[in-house]
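> Here it is, the structure in full.
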Amino acid sequence: MAQRFLVLALSSLVFGRAQLHARERDSVWKDSDLESAERCPGVSLLQSSAKRPGHDREHSEEMGKIPEAIPFASLVESSAPSHPVMLSQIKQVVELAQTRVQTKVGEAPYFIIAVAIGGFLLSLLSICMSLVFVERGLSKDGDVYAEPSASALLSQRLRALGLGDARSYRASARAERAEMFGAAPRTWEHGGGNGYQGNKPMLMADGQRRLQIVIPQPLEGGRVGLNLSEDDLVVNNFGDLRAYDLGFRVGDRLLQVNQVPVFRESDFKFVMQDALRRNSERGEPLVFHILRRQGADGASGTSVGLPQSIAPIAAVRAPAPAAPPEAPAPEEHGDLRGSWSYGDTRTDDLYTYEIRQVGNDLGFEQTLPNGEKITGLLIPDGLWLRSDLQSKDGYFGEIRLQYDPEEKVLVSQLKSKEAQVWSEDILARKVRKDREVR
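Residue numbers (the working numbering): 1 to 438.
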């Protein structure tokens with residue numbers, strides 16, 4: 001509407017100016033016509049003689065008098081310029097007529113240019129107004145849109161679910177983190193009240209529990225040491241065995257990271273970048289909401305990763321799980337926990353790896369000669385214990401172990417990520433404690 005009004009105003013202004021100039025030129029034209037009539041009486045006499053009726057004789061006599069009475073007529077009959085004054089007057093009249101025609105024709109380009117400039121200014125004004133409205137619309141949620149894309153992802157999903165603004169949602173989350181912030185990672189079981197005091201853990205319909213894990217500081221390189229399935233974000237292995245100490249268990253399903261819902265591995269990586277940035281810049285802890293199946297933890301009601309002197313809030317001890325542990329029994333494979341060495345004893349070129357207890361499972365850990373550490377969680381696979389090994393750069397390879405009770409050695413086979421087949425058997429013997437002490 002504003003554009004139409006400005007175009008109409010500019011058009012009216014230009015049209016008024018054109019009318020004023022036309023009137024001035026018309027008055028000048030009339031004045032010049034009067035002057036020409038006064039200065040050139042011969043033209044009026046020619047017009048009157050052409051209209052006056054009479055006899056041929058009178059007309060011939062009249063024509064005989066024309067050269068004397070009307071100098072303009074004799075000028076027409078004679079080719080020589082005998083009257084320079086009349087020629088100058090005719091020249092002035094012709095020039096005035098040409099000027100009038102040129103002025104009328106020359107006004108059109110100016111009008112077109114004026115309209116074009118007006119349209120350009122209106123377009124520029126509309127663009128500026130649109131930018132102002134868009135900026136106001138994007139900044140109406142304040143810090144939601146001022147933050148990186150993870151917060152925008154949270155806001156978008158909350159709006160899609162009909163839960164309203166994300167600011168109040170994140171404000172409550174900040175209050176929770178401020179209340180729970182401590183010096184060590186903590187695992188809380190969700191309840192219904194503030195502080196989760198005096199409430200039972202949130203149990204799902206299928207017996208799973210919803211837990212919250214708060215990690216003040218991630219591992220080296222901004223990691224938490226989890227191997228997740230791509231589709232449903234279920235922890236299927238540990239890339240670093242310290243993830244167990246942080247509170248995670250195999251089989252946990254990630255629901256949220258820093259109050260942002262995650263559904264796929266791409267979501268997890270995307271939100272973790274923002275969470276790690278906040279942790280490095282502001283010291284905000286990493287908050288994970290997980291869904292844990294019942295019986296996944298040996299001490300399922302206790303808080304994982306806490307010192308024994310610190311009692312968890314609303315920790316409810318659940319009955320001991322009836323299912324057998326996932327790791328093989330000691331009588332099947334012997335006591336595998338401890339350090340194992342392999343290599344050439346003659347040259348003292350020995351390598352050592354360690355197997356230790358990680359909850360109800362066994363974990364594999366080895367430091368390579370270049371100082372790189374590889375870890376993995378051992379999972380029963382028939383007669384073998386298999387593990388996907390992880391390094392700081394990602395997937396390293398696969399290893400499987402089997403205990404030989406007759407030889408009392410641990411047989412292992414390795415398959416790197418580039419290889420297609422397993423390596424030859426590697427025999428390792430357990431390191432005695434007295435040797436470890438030395």
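Heads up, the beta-carbon is just placed ideally off N, CA and C, and yes, glycines get one too. On a predicted model such as this, the values are computed, not experimentally measured, just so you know.
1) Could you tell me if I213 is buried or exposed, where buried requires 16 or more neighbouring beta carbons within 10 angstroms of its beta carbon?
2) Give a yes or no on whether the C-beta atoms belonging to G247 and G225 are separated by under 9 Å.
3) DSSP three-state label for F238, please.
4) Anyone know if the C-beta pair for L241 and F268 falls short of 9 Å?
5) Taking C-alpha atoms, which residue in K91, K408 and R209 lies nearest to H289?
6) Since G363 and L378 are thought to touch, with beta carbons under 8 Å apart, how far apart are those beta carbons, to the nearest angstrom?
7) In angstroms with no decimal places, state the Cα-to-Cα distance between V474 and V411.
8) Considering only residues of the same chain and omitting the five flanking positions on each side of L414, which have a CB-CB separation below 8 Å?
9) Starting from the Cα of R282, find the closest Cα among Q217, N227, R293 and L228 and give me that residue.
10) Taking the C-alpha atoms as reference points, what is the distance between V115 and G16?
11) Roughly how many angstroms separate the alpha carbons of S391 and I374, rounded to a whole number?
12) If we ignore side chains and look at the alpha-carbon of each, how far apart do S339 and Y353 end up?
13) May I have the straight-line CA-CA distance separating F263 from L254, to the nearest angstrom?
14) My understanding is that G376 touches L389, with C-beta atoms under 8 Å, so please give their C-beta distance in whole angstroms.
15) Give the straight-line distance between the Cα atoms of S168 and I215, rounded to the nearest whole angstrom.
16) Rounded to the nearest angstrom, what separates E418 and I127 at their Cα positions?
17) Between the beta-carbon of P230 and the beta-carbon of E284, is there less than 9 Å?
18) Does the separation of the CB atoms of D381 and V250 fall below 9 Å?
19) I think D252 touches R223, with their Cβ atoms under 8 Å apart; what is that distance to the nearest whole Å?
20) Around the C-beta of K408, are 16 or more other C-beta atoms found within 10 angstroms, so that it is buried, or is it exposed?
21) How would you call D274, buried or exposed, if buried means at least 16 neighbouring beta carbons within 10 angstroms?
22) Tell me whether A18 sits in a helix, a strand or coil according to DSSP, three-state version.
23) Just confirm the distance between the C-beta atoms of Y395 and L336, as a whole number of angstroms; I'd bet it's less than 8 Å.
24) Would you give the residue range spanned by the alpha helix (DSSP H) that V271 belongs to?
25) Q390 lies in the beta strand (DSSP E); which residues open and close that run?
26) Express the C-alpha separation of L122 and L228 in angstroms, rounding to a whole number.
27) Rank V287, L219 and E220 by C-alpha distance to the C-alpha of Q256 and give the top, closest one.
28) Using 8 Å for Cβ pairs, my map puts S341 next to R432. What's the rounded Cβ distance?
29) Going by DSSP, what residue range makes up the beta strand (DSSP E) through K415?
30) I need the straight-line Cα distance from T302 to S280, nearest angstrom please.
31) Among A18, Q19, Q366 and S387, which one has its Cα closest to the Cα of N236?
32) So, with DSSP's three-state summary, where would you put V431?
33) Given E372, which residues of its chain have a CB within under 6 Å of its CB, disregarding the five upstream and five downstream residues?
According to the structure shown:
1) Position 213 of the sequence shown, counted from the start, is the residue given in the question as residue 213. So I213 ends up on the buried side.
2) As a first step, residue 247 must be located in the sequence shown, where it is residue number 247. As a first step, residue 225 must be located in the sequence shown, where it is residue number 225. Not a contact, by the Cβ cut-off of 9 Å.
3) One-based indexing of the sequence shown puts residue 238 at position 238. Reduced to three states, the DSSP call for F238 is strand.
4) Position 241 of the sequence shown holds residue 241. Position 268 of the sequence shown holds residue 268. Result no, Cβ atoms of L241 and F268 do not sit closer than 9 Å.
5) Reading the sequence shown from its first residue, position 289 is the one you call residue 289. Residue R209 is the option with its Cα nearest to H289.
6) Within the sequence shown, the letter at position 363 stands for residue 363. Within the sequence shown, the letter at position 378 stands for residue 378. Going by Cβ atoms, the distance from G363 to L378 rounds to 7 Å, so yes, they are a contact pair.
7) Absent from the model: residue 474. The displayed extent of the chain is 1 to 438, so no value can be given.
8) The residue you call residue 414 lines up with position 414 of the sequence shown. If we look at L414 and ignore the five residues flanking it on each side, its Cβ neighbours are G397, E398, I399, W422, S423 and I426.
9) One-based indexing of the sequence shown puts residue 282 at position 282. If we check each option's Cα against that of R282, Q217 comes out closest.
10) Looking up residue 115 in the sequence shown gives position 115. Looking up residue 16 in the sequence shown gives position 16. Going from the Cα of V115 to the Cα of G16 covers about 14 Å.
11) Against the sequence shown, residue 391 aligns to sequence position 391. Against the sequence shown, residue 374 aligns to sequence position 374. In a straight line, the C-alpha of S391 is about 5 Å away from that of I374.
12) Within the sequence shown, residue 339 is the residue found at index 339, counting from 1. Within the sequence shown, residue 353 is the residue found at index 353, counting from 1. About 6 Å.
13) Taking the sequence shown and counting its residues from 1, the one referred to as residue 263 is at position 263. Taking the sequence shown and counting its residues from 1, the one referred to as residue 254 is at position 254. So the alpha carbons of these two residues sit roughly 8 Å apart.
14) By 1-based counting over the sequence shown, the position of residue 376 is 376. By 1-based counting over the sequence shown, the position of residue 389 is 389. About 4 Å; that satisfies the 8 Å criterion.
15) Start at 1 with the first residue of the sequence shown, and residue 168 comes out as number 168. Start at 1 with the first residue of the sequence shown, and residue 215 comes out as number 215. In this prediction, S168 scores a pLDDT of 48, lower than 50, which makes its location untrustworthy; the coordinate-derived value is nonetheless stated afterwards. Roughly 23 Å between the two C-alpha positions.
16) Taking the first residue of the sequence shown as position 1, residue 418 is located at position 418. Taking the first residue of the sequence shown as position 1, residue 127 is located at position 127. One C-alpha to the other measures close to 56 Å.
17) Along the sequence shown, one-based indexing puts residue 230 at 230. Along the sequence shown, one-based indexing puts residue 284 at 284. The residue asked about is misnamed: residue 230 is Glu in this sequence, not Pro. Cβ atoms of E230 and E284: not closer than 9 Å.
18) On the sequence shown, residue 381 is found 381 positions in, with the first residue counted as 1. On the sequence shown, residue 250 is found 250 positions in, with the first residue counted as 1. No, these two residues do not count as a Cβ contact at 9 Å.
19) Taking the sequence shown and counting its residues from 1, one reaches residue 252 at position 252. Taking the sequence shown and counting its residues from 1, one reaches residue 223 at position 223. Not confirmed; about 16 Å, so no contact.
20) The residue you call residue 408 lines up with position 408 of the sequence shown. Looking at its Cβ environment, which holds fewer than 16 other Cβ atoms inside 10 Å, K408 is exposed.
21) The count along the sequence shown starts at 1 and reaches residue 274 at position 274. The residue is buried, with at least 16 neighbouring Cβ atoms inside 10 Å.
22) Position 18 of the sequence shown, counted from the first residue, corresponds to residue 18. Three-state DSSP puts A18 in a helix.
23) Mapped onto the sequence shown, residue 395 falls at position 395. Mapped onto the sequence shown, residue 336 falls at position 336. No, Y395 and L336 are not in contact; Cβ-Cβ is about 24 Å, not under 8 Å.
24) Counted from its first residue, the sequence shown places residue 271 at position 271. Start and end: E265 to R282.
25) As a first step, residue 390 must be located in the sequence shown, where it is residue number 390. Its beta strand (DSSP E) spans residues W384 to S391.
26) Position 228 of the sequence shown, counting from 1, holds the residue named residue 228. Position 122 of the sequence shown, counting from 1, holds the residue named residue 122. One C-alpha to the other measures close to 56 Å.
27) For the purposes of this step, residue 256 is identified with residue 256 of the sequence shown, where counting begins at 1. With distances taken between Cα atoms, Q256 lies closest to V287.
28) The count along the sequence shown starts at 1 and reaches residue 341 at position 341. The count along the sequence shown starts at 1 and reaches residue 432 at position 432. Their Cβ separation, rounded to whole angstroms, is 10 Å, which puts S341 and R432 out of contact at 8 Å.
29) Taking the sequence shown and counting its residues from 1, one reaches residue 415 at position 415. Element bounds for K415: V409 to S416.
30) Your numbering for residue 302 matches position 302 in the sequence shown. Your numbering for residue 280 matches position 280 in the sequence shown. Residue placement at T302 cannot be trusted, given a pLDDT of 37 that sits under 50; what the coordinates show is reported in the next sentence. One C-alpha to the other measures close to 29 Å.
31) Working through the sequence shown from its first residue, we reach residue 236 at position 236. Selected option, being the one with the closest Cα: S387.
32) Taking the sequence shown and counting its residues from 1, the one referred to as residue 431 is at position 431. Correct three-state label for V431: coil.
33) Here the question's residue 372 lines up with position 372 in the sequence shown. So the qualifying residues of the chain are S391.
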